[in-house]
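This report concerns only the one structure given below.
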Amino acid sequence: MGQGNNRLSKTLNEMKDTFFDSFLAKNIVLVQAIGISPILAAGVTLKNGVVLTLCTAAVLIPASLFMSLFGDKLPAWVRPPIYTVGAAAIMLGAAIFIDRVISHELYASLYIFIPLTAVNSLVSYRAGGFSVSHEPVIALTDAVASSLGFGLVICVVSGLREIAAYGTLWENPLNFSVVLSEASLPYAAFLLLGFMAAFLQWLTSVIGQKLAKN
Amino acid sequence: MSYKTAHAPHLRRSDRFSFMCADVLIALAPLSIFSAVYYGFRPVLLVLAGLVSAVLFETIGCLLMRRKPTVTDGSAAVTGAIIGSLVSPLSPYWLPVAGSAFAIFAVKMPMGGSGRNVFNPAAAGLSAITLCFPGFFFKYPDPGIGLPLPLSKTVNMASVPSPASQLASGGQTLYSPTMLLLGEIPGPIGGTAITILIASALFLLVRRAISPLITLPYLATCAVLASIFPRVTGGTAGSVMVELCAGYLLFCGIFLLNDPVTAPRHWLGRIAYGVLAGVLVMLTRYFGRFEEGACFAVLLVNAFATTLDRFGWYALNLRRIRNRRRS
Amino acid sequence: MSKLTNSGIFIPSLKQPAASRPVTDIPTPERILVPLVSGDGTFCRLTARIDDTINKGGIIASSDDNSMHVYSPVSGVLAGRQAVLHPIYGNVACAVIENIREKGEDEKKESDINLSGDEVLEIAREKGIVDELDGQLLAEKLAACRNSENLILIADGSDSEPYSSSSWAVINESCPEVYRGLKLAGIAVNTNNIYLGVRLGKKAFSSLQHKYMQEIEPSVFINAGKKYPVNYKFEKDLFKSHPTVCRIGVQACLALYRAAAFGEAPSSCIVTVAGDCVANPQNVRVPFGTLVEDLLRFCGLAQNPEYVIIGDAMTGIAIQNTEIPVVPGISCLLAIKNRVQPPAHACIGCGRCARACHAGLLPYEIMRRLDNMQYERLDYLLPEECDGCGACSHVCPAGLDVTYKVLEARDAQGNIFVKWGTGDEL
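Residue numbers (our numbering), protein chains in the order written: chain A, 418 to 631; chain B, -17 to 309; chain C, 10 to 435.
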C-alpha cells in the first residue's frame, strides 16, 4: 500500500514538473521556438488564436497518447507517417466541423492553416520525440501543457495584434482613434514573440534566483 | 610605495567611439542645412526632433535597464539624426520621434545597448515607420517652388513624384543628371544632395569613420545591376545615374551600412557585405512594395554580417587552421 | 595581399631625449638582489656561503644538475637571502649582495674566437646569456632554429617600441663587437645570412654604414620599417628566398662576443629610463640585480609617478613595488603619470584591431568567444600565434584590453577547462 502511495506521489510530482516545464519554463514557442509559423501568419485575431489552440490540442493530445502507448513498438521510420496521417484525419474532421457548424467565415480565414496544424513541427516534436520515451500519463500531461503553452502565446499575440491592427477584441470594437494596420504583418508578431521570450527568460531567472535563495 | 597596475600596452591612441560619432554628426549636418535652403527651417527641426528624442529615449532606456549611461558616446544621437534625415520634409514631427523610439526601445536596448546591437537601429526605426505609416512616406514637396514650408500643418501640401517613384513606374525620367547631382529633386531630407553626400563621404573616409571596402563594392554592385536591368529609357549611363541618385541609396551606403557595430570587421567580409547589400537594395527596389526599400535591405544584410566576417577570415586562413588541426 | 593585411601600426617615437644622451654608469649601489634563477628559468641553489666575499663573475648558485649557474654581477659580500615577488619570475629567492666594491677592470686578454657552432652554443648556455627581446635563453633560441633552411639571422637594434633606445645605444657604443657576436651566432645556427637591423633616417643610416666600412660590410646593415611591431619583410627580394627569420637582441650579441672572447658572464645591461615623471631620461648601464628603486632615484623623479613599468610601453608590466631587481631581458623602465586610456566601452566593431594585427588574427573575435565562454571555438582562431605586441589594444577606440584577452586565450590553450573549472560549480 505504502509503495503504491509512493509511486502515485512520484507520478504526481513528475506530472507537475512536466506540466510546469512544458507550459512555462520550457515553453514550446518562446523557449524552444517551435510552431511559430501559425502565430505569425494566422494569429491576427483572438478568435483565430483560440481556434488554432483548440486544433493543436485536438491533434497533439491523441497523437501523444498514441505514440506513448505504441511508439516504442514501432520502428523509428514508421512513426512520422503514422502520427501525421492520424493528425491529418483528425484535422479533416475538425475542418469540416468548423466549416459546417461554427462559421464559414472563420473557416475561410483559416482554411490553409488548419490542415497545416497536422504537419506542424510542434506535433512531430512532442509526439514523435517526447512521448515515445515517456509513460502515457506523463505524455498526456505534456501534450496538454504544450497545447496550453502554445495557446497562451498565440492568444496573447493575436489579441494584441487584433487590438493594434483593427481596434477590436473578439470582434468587439474598442473605439481606438489610432490604428496600426501594419500590426497584422508577420514582423509585428516576431517582435512580440521576441519581447515575450525575453520577458519569460527574465521571469524564470527571477524565479530561479528566489528558489536558489530559499 | 605602491603604484597602480594596468595591462599592457601603456600607450594608447586617444581615439574614442564618441569622436567617430561626432564625425558622423558633422557629416550629417550639411545635408539638413542644404535641405533648409529649399524648404525652410522645417527639415532641420525634423532632424533635431529625431536626434533629441533618440538621446532622450536612450537615457530613459539606460535608466530603466539600470545600465551605465551610454548617451555620451553619441551613437544614439547618430541614430536619431539618421532617422530624421531620411523622412520626407512634409512629415509630421512625431514621425522621426516614433522611429527613434522603435530604434532605441525595440532594437537597441533589448539587444544589450550601445555596441551590442545586432541590427542597425536607425535602419530598423526607419523600416518600422515606413511600414506603419506609409502614408507619410514617399510624399515629397517640389523643391522648384522655392517657398519655405510652413512649420506646422503640412498634411495637405501638394507632393510631386520623386525619381525613385518614376523608376518604379518606368518610362522616361524627368530629371537631368545636373539636377540629380545638385540635389534639385524631391526626396528625403538628407538623400537628395548628391554632391554634399559625396563630400561627406570623403570627409568620413579621411577621418576613418567609414570604410571604402563597404561603400565602394556596394555602389559598384548597384551600378552593375542598374546597367544590366535598366528601368528607365535613356541608356545604361542614364539608368545608373538615376538609380544611384534616387531615393537614399547613396545615403544608405555611407551612413547606414558603415555603422561599425553591425558591419563586418575583416576586409574580405566587408567587401562581401557591400556586394550583398547592393544586391539586396536593388532587389527591394525592383520587387519591393515601396519605391525605396534600402532600410529593409540593410536589416537583412545585417543578419549576415558576423557570418560573412568569420567566413572571410576562415577562407583566407584555411591552410593555417588545417596545419594547426593536424599538429 | 598579405602586405595589406600584415600591416602593424604607426606609433609615436618618444625616444628623445634619452636616445641622444650618452650612456651613463649607475654609481655603485649599496646592495643588489640577484634572483637565484638561471637564464632558462630554472631555480638554483645557493652554492656560495653567506658572509663570503665574492668576486664579479663568480658562481653564487647552481641548478640541481649543475649545468646552469648564476654568476655574481659585482664584487661584494653575500649578505643573505631574501624572497622577492618578481613580475617575470614570480616568487623567487634572491641573493643579497652588500659592501659592493668598485674594482678596476683588469685588462683581459682576448682569446681566439674561432669556434664551432656547438662550442658557441655551449658557451651561450653556460654563461646563461638571455636574449633581451623576449627574455628567452639565447642558446635555446639559436638551437631551435639551427637546422632551418634559408634562415636569416638578424641582430635587432631597431628599438621598435616607443620609449626604448637601449639597442641603439649599444650599437652606437660597440658596433664591431656586436657584429662579432652576431657572426658567432651565425656560426651557431649555420647561416651566412646575418644582418644588423637598425631604424634610422636615410642619412644617418648611410653614415652608419660609412663609419664602420673597414670592419663591417655595408650590406650587413638593414633598415627596419617605420611600423610597430618591427618588420623587415619590406626587403622583398631577400625575404622571398629566405622565409625564416630569427631575431636576436644586440645586447645578447654583445654578451655572446664577450663570453667567447674574454670568458665573461654577462653582468650588466643597458636600460632606458624614461617617462613623463623622469627628470633625466637616459640610457643607464646597470649591473643585474640593481633595484628599480635605485635606478629611478639615480635618474631623478620630476613628479610622483602613478605607474612604474618594467619593459617598454607596449609590452611592459606595471609593477606596484619598486624593490625589484633588474634582470636580464629588461631593457626599459618607465615612470608614467598620465596614461591615456579611453573609457571602457563595449566592443563597437570598428575592426581596427584586425587591421593592426601583424599576425593576421581576429582579436575582437577571440575576445568575443572568450567573453561568451565559447572556448571550443577559440581553437579555430589560432590565438597561439599572438606574440602579445599590444598593437590591438593600442588602437582600440573602446579602450578594451584586447591584448590581455588574446594572451589569456593563448595561454589557456588546451587547458581552458581546467582553468575555468569543469562547469560543476554552475
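No residue lacks a Cβ here, since even glycine has one placed at the ideal position from N, Cα and C.
Since this is a predicted model, take the numbers as computed values, not measurements.
Buried versus exposed call for residue 509 of chain A [16 or more other C-beta atoms within 10 Å across all chains shown]
Numbered from its first residue, the first sequence carries residue 509 of chain A at position 92. Classification of residue 509 of chain A: exposed, given that the 10 Å Cβ count is below 16.
Are the stretch 79 to 89 of chain B and the stretch 35 to 54 of chain B touching by the rule of at least three beta carbon pairs closer than 8 Å?
yes
Using Cβ-Cβ distances below 7 Å, what residues of the stretch 383 to 401 of chain C are close to chain B?
389, 391 and 399
Just checking, does the stretch 619 to 630 of chain A make contact with the stretch 145 to 164 of chain B on the three C-beta pairs under 8 Å criterion?
no
Using the three-state DSSP reduction, which class does residue 429 of chain A fall into: helix, strand or coil?
Residue numbering aside, residue 429 of chain A sits at position 12 when the first sequence is read from its first letter. Residue 429 of chain A: helix per DSSP, three-state reduction.
Take residue 346 of chain C and list the residues in its own chain whose beta-carbon comes closer than 7 Å to its own, dropping the five residues that flank it on each side.
Reading the third sequence from its first residue, position 337 is the one you call residue 346 of chain C. Cβ within range, chain order: 285, 286, 312, 314 and 315.
Contact residues within the stretch 513 to 544 of chain A, judged by C-beta distance below 8 Å to chain B
none
8 Å Cβ cutoff met for residue 609 of chain A and residue 577 of chain A
For this step, residue 609 of chain A is matched to residue 192 along the first sequence. For this step, residue 577 of chain A is matched to residue 160 along the first sequence. Yes.
Residue range of the unbroken beta strand (DSSP E) whose run includes residue 278 of chain C:
Within the third sequence, residue 278 of chain C is the residue found at index 269, counting from 1. Taken as a continuous stretch (DSSP letters only), the beta strand (DSSP E) holding residue 278 of chain C covers 277 to 283.
Chain A partners of residue 228 of chain B, CB-CB under 8 Å?
Here the question's residue 228 of chain B lines up with position 246 in the second sequence. Here the premise fails: no neighbours, minimum Cβ distance about 24 Å.
Rounding to the nearest angstrom, what Cα-Cα distance links residue 443 of chain A and residue 403 of chain C in this structure?
By 1-based counting over the first sequence, the position of residue 443 of chain A is 26. By 1-based counting over the third sequence, the position of residue 403 of chain C is 394. Between residue 443 of chain A and residue 403 of chain C, the C-alpha separation is close to 45 Å.
When DSSP builds the beta bridges, which residues end up paired with residue 501 of chain A?
Along the first sequence, read from residue 1 onward, the residue named residue 501 of chain A stands at position 84. According to DSSP, which records beta bridges pairwise, residue 501 of chain A is partnered with nothing at all.
Could you give the DSSP three-state label for residue 149 of chain B: helix, strand or coil?
Counting from one through the second sequence, the residue named residue 149 of chain B turns up at place 167. In the structure shown, residue 149 of chain B sits in a helix (DSSP, three-state: H, G or I).
How is residue 54 of chain C classed by DSSP in three states: helix, strand or coil?
Numbered from 1 along the third sequence, position 45 holds the residue referred to as residue 54 of chain C. Strand.
Should the stretch 287 to 300 of chain C be called in touch with the stretch 252 to 265 of chain C, which here means at least 3 C-beta pairs below 8 Å?
no
Cutting at 8 Å between CB atoms, please list the residues of its own chain near residue 247 of chain B, excluding the five before and the five after it.
Your numbering for residue 247 of chain B matches position 265 in the second sequence. The residues are 291.
Length-filtered (4 minimum) alpha helix (DSSP H) runs lying within the stretch 166 to 224 of chain B
176 to 188 and 194 to 210
Whole-Å CB distance - residue 297 of chain C paired with residue 337 of chain C, under 8 Å assumed:
Within the third sequence, the letter at position 288 stands for residue 297 of chain C. Within the third sequence, the letter at position 328 stands for residue 337 of chain C. That pair is a contact at about 6 Å.
Which same chain residues end up closer than 7 Å to residue 523 of chain A when comparing Cβ atoms and leaving out the 5 residues on each side of it in sequence?
Locating residue 523 of chain A in the first sequence gives position 106, counting from the first residue. So the qualifying residues of the chain are 464, 468 and 515.
If we cut at 8 Å on Cβ distances, does residue 108 of chain B have a partner in chain A?
Numbered from 1 along the second sequence, position 126 holds the residue referred to as residue 108 of chain B. With 8 Å as the cut-off, residue 108 of chain B does not count as an interface residue toward chain A.
Compute the beta-carbon to beta-carbon distance between residue 20 of chain C and residue 204 of chain C, rounded to the nearest angstrom, for a pair I have assumed lies under 8 Å.
As a working note, residue 20 of chain C is residue 11 in the third sequence. As a working note, residue 204 of chain C is residue 195 in the third sequence. No, residue 20 of chain C and residue 204 of chain C are not in contact; Cβ-Cβ is about 23 Å, not under 8 Å.
Is the separation between the beta-carbon of residue 68 of chain C and that of residue 43 of chain C shorter than 8 Å?
The residue labelled residue 68 of chain C in the question sits at position 59 within the third sequence. The residue labelled residue 43 of chain C in the question sits at position 34 within the third sequence. Cβ atoms of residue 68 of chain C and residue 43 of chain C: not closer than 8 Å.
At 4 residues or longer, and completely inside the stretch 94 to 162 of chain C: list those alpha helix (DSSP H) runs for me, N to C.
126 to 135 and 147 to 153
To be precise: take each residue of the stretch 274 to 305 of chain B, compare its Cβ to all Cβ atoms of chain A, and keep it if any distance is under 8 Å. Which residues remain?
none
Answer with buried or exposed for residue 487 of chain A, where buried requires no fewer than 16 other C-beta atoms within 10 angstroms of its C-beta.
Here residue 487 of chain A refers to the residue found at position 70 when the first sequence is read from its first residue. The residue is exposed, with fewer than 16 neighbouring Cβ atoms inside 10 Å.
Test item: CB-CB of residue 99 of chain B and residue 243 of chain B under 8 Å:
Locating residue 99 of chain B in the second sequence gives position 117, counting from the first residue. Locating residue 243 of chain B in the second sequence gives position 261, counting from the first residue. Closer than 8 Å, so yes.
Just to confirm my understanding: we take residue 211 of chain C, look at its own chain, exclude 5 residues before and 5 after, and list those with CB closer than 6 Å. What are they?
Along the third sequence, one-based indexing puts residue 211 of chain C at 202. So the list is empty, once near-sequence residues are dropped.
Do three or more CB pairs link the stretch 394 to 409 of chain C to the stretch 352 to 362 of chain C at distances below 8 Å?
yes
Between B:218, B:179 and B:83, which lies nearest to residue 59 of chain B when the distance is taken from Cα to Cα?
The sequence position of residue 59 of chain B within the second sequence is 77, counting from 1. Cα-wise, what sits closest to residue 59 of chain B is B:83.
Just by C-beta distance, which residues in the stretch 308 to 328 of chain C are closer than 9 Å to chain B?
313, 314, 315, 316, 317, 318, 320, 321, 322, 323, 324, 325, 326, 327 and 328
For residue 153 of chain C, does the count of other Cβ atoms within 10 angstroms reach 16, so buried, or fall short, so exposed?
If you number the third sequence from 1, residue 153 of chain C lands on position 144. By the 10 Å Cβ count, residue 153 of chain C comes out exposed.
Distance check for residue 119 of chain C and residue 127 of chain C, CA to CA, integer angstroms please.
In the third sequence, the residue the question calls residue 127 of chain C occupies position 118. In the third sequence, the residue the question calls residue 119 of chain C occupies position 110. About 20 Å.
Identify the contact partners of residue 599 of chain A in chain B, using a Cβ-Cβ distance below 7 Å as the criterion.
The residue labelled residue 599 of chain A in the question sits at position 182 within the first sequence. Chain B residues near residue 599 of chain A: 113 and 114.
Enumerate in chain order the residues of its own chain whose CB-to-CB distance from residue 428 of chain C is below 8 Å, with the five nearest sequence positions on each side excluded.
On the third sequence, residue 428 of chain C is found 419 positions in, with the first residue counted as 1. For residue 428 of chain C, the pLDDT reaches just 44, beneath the cut-off of 50, and the residue's location in the model is therefore unreliable, leaving the point undetermined.
Does the CB of residue 105 of chain B have a neighbour CB from chain A at under 8 Å?
Within the second sequence, residue 105 of chain B is the residue found at index 123, counting from 1. Not one chain A Cβ lies under 8 Å of residue 105 of chain B.
Inter-residue Cα distance where the pair is residue 190 of chain B and residue 67 of chain B:
Here residue 190 of chain B refers to the residue found at position 208 when the second sequence is read from its first residue. Here residue 67 of chain B refers to the residue found at position 85 when the second sequence is read from its first residue. Cα to Cα, the separation comes out at about 22 Å.
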